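Following: one structure in C-alpha cells, then a few remarks.
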Amino acid sequence: MQLADLYRDVILDHNRVPRNFGAVEAPSARVEGFNPLCGDHLVLTLKLEGERIADIRFEGQGCAISTASASLMTEAVKGKSRAEATDIFERMHRLLTDDTADADDAALGKLAALSGVREFPARVKCASLCWHTLASALAVKDVQGHPAVTTE
Ligand code: FES
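So for the sequence shown, the working numbering puts the first residue at 127; every next one is plus one.
And the structure:
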C-alpha cells in the first residue's frame, strides 16, 4: 500500500468514526473554533487534572478533513501534559504550513496523515481549525477550580 493511500484511509476512518466526539462533563475549558472561509465550527472541551489533559472531546459541524483532524488531535493529546500538547501543536503547525517540515517526524505518529493537505492551501484551514482551538484552550490561564472558560 502506498503511503498516500494509508494516509487517505486514516483520514476516512477518523471522519467516518470520529474518536472523542461529544462534550466533556464539567470541563476545565470550553473553546469554540470557527473557520471564516466556510462557516464551519467546532467546540472543544477538555478536563485538566493538574497539568495533564485527562479528557478532551469535540463536537460541531465540519468537513471530512476538519473532523478527521479533530479526531486525530484528541487521540494524540489525551493524557498528555499541557507542555507536551503544546509541543505537538507546534509540530503540527509546522507540518501544515511549512512545505519543508518533515512529514516523517516520528513524534507525530498518525498525525502525519494530515501532511497531504499542504498541497491544497484551501484545506489547510480545515485541518488546522481544531489545532488553533486547542492552542486557545491550552492558553487559558488558571482554569483549574474555576467554571469552564469560553473563548470564541
Ligand atoms: Fe469548513 Fe473544511 S470546509 S472546515
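We treat Cβ as the ideally placed atom computed from N, Cα and C, and that holds for glycine. From a predicted model like this one, the values you see are computed outputs, not experimental measurements.
* Hey, could you find the ends of the beta strand (DSSP E) residue 173 is sitting in? => Taking the sequence shown and counting its residues from 1, one reaches residue 173 at position 47. For residue 173, the enclosing beta strand (DSSP E) begins and ends at 167-175.
* To do: With distances taken Cα to Cα, identify the nearest neighbour of residue 260 among 134, 216, 230.
  => Taking the first residue of the sequence shown as 1, we reach residue 260 at position 134. Closest by alpha carbon: 216.
* Asked: Would the beta-carbon of residue 141 be found less than 7 Å away from any heavy atom of the ligand FES?
  -> Along the sequence shown, read from residue 1 onward, the residue named residue 141 stands at position 15. The answer is no for residue 141.
* Asked: Is it right to say residue 159 is buried, meaning 16 or more other beta carbons lie within 10 angstroms of its own, or is it exposed?
  -> On the sequence shown, position 33 is the one that residue 159 refers to. Counting every other CB atom within 10 Å of its CB across the protein chains shown gives residue 159 a total of 16 or more, marking it as buried.
* To do: Can you give me the start and stop residues for the alpha helix (DSSP H) that residue 261 sits inside?
  => For the purposes of this step, residue 261 is taken as residue 135 along the sequence shown, with counting starting at 1. Where residue 261 is concerned, the enclosing alpha helix (DSSP H) stretches over 247-265.
* Per DSSP, the bridge partner or partners of residue 147 -> Mapped onto the sequence shown, residue 147 falls at position 21. DSSP output for residue 147 lists 184 as bridge partner(s).
* Asked: Looking only at DSSP bridge pairs, what is residue 233 linked to?
  -> The count along the sequence shown starts at 1 and reaches residue 233 at position 107. Checking the DSSP bridge columns, you'll see residue 233 has no partner listed.
* **Of the listed residues 162, 197, 234, nearest to residue 251 (C-alpha basis)** => Residue numbering aside, residue 251 sits at position 125 when the sequence shown is read from its first letter. Comparing Cα-Cα distances from residue 251 to each of 162, 197, 234, the minimum goes to 162.
* Starting from residue 178, follow its DSSP beta bridges and name the residues at the other end. => Position 52 of the sequence shown, counting from 1, holds the residue named residue 178. Beta-bridge pairing links residue 178 to 175, 207.
* To do: Rank 146, 233, 138, 213 by C-alpha distance to the C-alpha of residue 170 and give the top, closest one.
  => As a first step, residue 170 must be located in the sequence shown, where it is residue number 44. For residue 170, the closest alpha carbon among the candidates 146, 233, 138, 213 is that of 146.
* To do: With the ligand FES as the reference, list in chain order each residue whose Cβ lies under 5 Å from any of its heavy atoms.
  => Near the ligand FES, residues with a Cβ at less than 5 Å from any of the ligand's heavy atoms are 161, 164, 166, 188, 189, 192, 252; the list follows chain order.
* What residue range is occupied by the uninterrupted alpha helix (DSSP H) comprising residue 142? -> Translated into positions along the sequence shown, residue 142 becomes position 16. That run of the alpha helix (DSSP H) goes 129-142.
* **Check whether residue 183 and residue 136 have beta carbons under 8 Å apart** => In the sequence shown, residue 183 corresponds to position 57, counting from 1. In the sequence shown, residue 136 corresponds to position 10, counting from 1. Not in contact: residue 183 and residue 136 (Cβ atoms no closer than 8 Å).
* Measuring CA to CA, which of 188, 225, 228, 181 is closest to residue 205? -> For the purposes of this step, residue 205 is taken as the residue at position 79 of the sequence shown. Selected option, being the one with the closest Cα: 181.
* Asked: Apart from the five residues just before and just after residue 230, which ones in its own chain have a Cβ nearer than 8 Å to its Cβ?
  -> Numbered from 1 along the sequence shown, position 104 holds the residue referred to as residue 230. Hits under 8 Å: 238.
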